[in-house]
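Asker:
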Amino acid sequence: ECTFLDIHRRDVMSTPSRVVQRAPTSRSATNRRANASSTLARAIRGAKRGDNERRDAWADALPRDGGALRDPPAVLRDVCVVFCEPKIANNVGAFARACAAFECCDLRVVTPMCDVESRAATSAAKGARRLVPRASEVKSSLEEALVGCSLAVAFHPWEDEAAPERRFRSVEALAEAAPGGEDGKKLALVFGNEADGLTAAQLGACDCVCTLPMGRLVESLSVTHAGVIALSTYFSRRDARGRVARARSG
């Protein structure tokens, strides 16, 4: 039996005129191509200051005071996100970026199973690297992470006996009943890891549970997408009059 590859090899060997000899590539030429590709990638990515004038102007005009928004203050300043036992460093960074996008400046990580200080985490955070907790800042338990919170909401997609009896079927319903932190404390939005969600003990440490309405084609959302939906809903309710949109546009 003869394969197509064998036939092709015989044809090339029997017909020398069909073989195209390529000139050897010098190391300098290879390096030039690599540098050109890298420069093009940076230009497309626009990740450095100077690559995008509009983004640079926005960053220069951002009202900050020691890293905190001041006029108007951060919209979700009384909300924190708690990410329990993450397994993938990229998701820690993605959560930091989601928090920053909706002006939630408090991301707490509980007993991570990944390196929160890794390049994967900081790269995924993009402009929100300051929100990625250092290894020394991670919490040893959910109870520790909930210190200073008036209400803890578990985001959990499944019916579970360990879950609190108080259940909300959408973030809108949750935000109506629990619009924010109380008495100077914070509202905690609690998420479990990518594979198993929240444990029974973690569910038991929360005051209520919220599920997101979904279709039938997949079992659950990715944890970071669920976080984006929750944060976006709270942000939209708070900024219904568009104060932040006006401040952002200058």
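The sequence shown begins at 1296 in our numbering and counts up by one. Ideal Cβ positions, reconstructed from N, Cα and C, are used throughout, including at glycine. Keep in mind the model is a prediction, meaning the values are calculated, not measured.
1. If you reduce the DSSP assignment to three classes, tell me which class G1341 lands in.
2. Out of F1530, A1352, V1485 and G1479, which has the shortest C-alpha to C-alpha gap to E1471?
3. Given this structure, state the Cα-to-Cα distance separating E1477 from S1445, to the nearest angstrom.
4. State whether the stretch 1453-1460 contacts the stretch 1415-1435, with contact taken as three or more CB pairs (one from each stretch) at a distance under 8 Å.
5. Quick one: what does DSSP say R1399 is sitting in, helix, strand or coil?
6. Tell me whether E1438 is buried or exposed, calling it buried when 16 or more other Cβ atoms sit within 10 Å of its Cβ.
7. What first and last residue would you give for the beta strand (DSSP E) that runs through L1482?
8. For R1392, I'd like the list of residues in its chain whose CB is within less than 6 Å of its CB, leaving aside the five on either flank, ordered along the chain.
9. For K1434, which residues does DSSP report across the bridge?
10. Apart from the five residues just before and just after A1463, which ones in its own chain have a Cβ nearer than 6 Å to its Cβ?
11. How would you call A1336, buried or exposed, if buried means at least 16 neighbouring beta carbons within 10 angstroms?
12. Applying the criterion that 16 or more other CB atoms from any shown protein chain within 10 Å of the CB defines a buried residue, is A1473 buried or exposed?
13. Going by C-alpha distance, which of C1503, P1459 and H1520 is nearest M1509?
14. On the DSSP letters alone, give me the boundaries of the beta strand (DSSP E) that L1441 sits inside.
15. Sort A1440, S1436, L1441 and E1412 by Cα distance to A1430 and report the nearest one.
16. What number of angstroms, rounded off, separates the C-alpha of C1501 from the C-alpha of V1374?
17. Kindly list the residues whose CB is nearer than 7 Å to the CB of V1523, restricted to its own chain and excluding five residues on each side of it in sequence; keep chain order.
18. For I1383, which option in E1489, S1435 and G1479 has the closest C-alpha, if you only look at C-alpha atoms?
19. Secondary structure at A1468, three-state DSSP: helix, strand or coil?
20. Cβ of A1495 within 8 Å of Cβ of L1441?
21. May I have the straight-line CA-CA distance separating A1525 from Q1497, to the nearest angstrom?
Answerer: Looking at the atomic coordinates:
1. Below a pLDDT of 50, predicted positions are generally treated as unreliable, and G1341, at 49, falls in that range; the measurement from the model is reported next regardless. Note: G1341 maps to coil in three-state DSSP.
2. F1530
3. 6 Å
4. no
5. One point to set straight first is that residue 1399 is Cys, not Arg, in the sequence displayed. In this structure, C1399 counts as coil in the three-state DSSP scheme.
6. exposed
7. K1481 to F1486
8. Cβ neighbours of R1392 beyond the five flanking positions: A1420, K1421 and A1423.
9. V1405
10. Note on identity: in this sequence residue 1463 is Phe, with Ala being the wrong assignment. Around F1463: L1469 and C1505.
11. A caution first: A1336 carries a pLDDT of 49, below 50, which makes its placement in the model too unreliable to give a value.
12. Buried, because 16 or more other Cβ atoms sit within 10 Å of the Cβ of A1473.
13. H1520
14. L1441 -> no beta strand (DSSP E), and no H or E assigned at all.
15. E1412
16. 15 Å
17. A1393
18. Restricting attention to E1489, S1435 and G1479, the CA atom closest to the CA of I1383 is found in E1489.
19. helix
20. no
21. Taking the straight line from one Cα to the other gives about 19 Å.
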